[in-house]
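Read in order, the letters of the sequence shown are residues -22 to -1, 1 to 172 in mature numbering (1 follows the signal peptide of the UniProt record, and there is no 0). Glycine included, every Cβ here is placed at the ideal spot set by N, Cα and C.
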Amino acid sequence: MRTVGRTALVLVSLLSAGLALSACTASDRPSTKTNTPSATAPATTEAQAEKLPEPSGPPCEVTQYQVTGEPGAKPTITVPTGCKPQDGLLVKDLTEGTGPEIKAGSNTELHYVLATFRDAKTREASWDNGAPFPLKNIGQAPVIQGWNEGLIGLKEGGRRLLVVPSDKGYPQGKGTIQPGETLIFVIDAIKVEG
């Protein structure tokens, strides 16, 4: 009896282990569960989640971008529809400044608003932070190339529209900004030195 009892115990143990293992193998049927990112997988950014279609139509003219609000106050940008972004950097002075002009090597304090073309959303604004954005050594400053090129010539007290193609902005995307996105800035030059 003792041998049969042990044999039965071993047999029951093996069968239980076999059933447990077969329950862990992949099924022939597709899973109905959704995959969730693991702790080591990178999180999906808002830019990846909101994949928007490419704009179409003729290239937008600089006059199609509408900006409202007085210089010195936070502006509102209205992004045009029915056209696609241009290929190069667009620069338009909305208000001519009367102070010193930004040139290569200048230091400046700026207020700005950033909107993205595809979704026409405002992404950030220095006005929301309560202080101008300080920037040194324009032309070689640690900012996007569209700023290093597009700020040259802006005078203190002036307001400028910059429409920046992705190759002069964030071609690979950054944060909530999608790869290939056109950036629209309205910039007020608060102080210019040098």
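In the three-state DSSP reduction, Asn85 falls in the strand class (E or B). Per DSSP, Glu134 lies in no beta strand (DSSP E) and is assigned neither H nor E. Going by C-alpha positions, Thr86 is about 10 Å away from Asp166. Closest in alpha carbon position to Pro58, among Gly128, Thr76, His89 and Ala93, is Ala93. Around the beta carbon of Ser84, 16 or more other beta carbons lie within 10 angstroms, which makes this residue buried.
Rounded to the nearest angstrom, the gap between the Cα atoms of Ala51 and Phe163 is 14 Å.
Relative to the Cα of Arg101, the nearest Cα in the group Gly35, Ile55, Val45 and Gly77 belongs to Ile55.
Ranked by Cα distance from Gly131, the first of Pro78, Leu161 and Ile168 is Pro78. In summary, Glu39 is exposed, with fewer than 16 beta-carbon neighbours lying within 10 Å of its beta-carbon over all protein chains present. For Asp71, the secondary structure class from DSSP, reduced to helix, strand or coil, is strand.
Judged by beta-carbon spacing, Tyr43 lies within the 7 Å limit of Leu139, meaning their Cβ atoms are closer than that value.
Glu127 sits in a helix when the DSSP states are folded into three classes. In the structure shown, Thr76 adopts coil according to DSSP, grouped into three states.
Under the three-state reduction of DSSP, Asp65 is assigned to coil, being neither helix nor strand.
DSSP places Gln42 in the helix class (H, G or I) of the three-state scheme. In the structure shown, Asp166 falls within a strand segment according to DSSP collapsed to helix, strand and coil. Contact annotation: Leu161 and Gly147 have beta-carbon atoms nearer than 7 Å. A check of alpha carbon separations from Pro143 across Trp125, Thr154, Glu134 and Val45 identifies Trp125 as the nearest.
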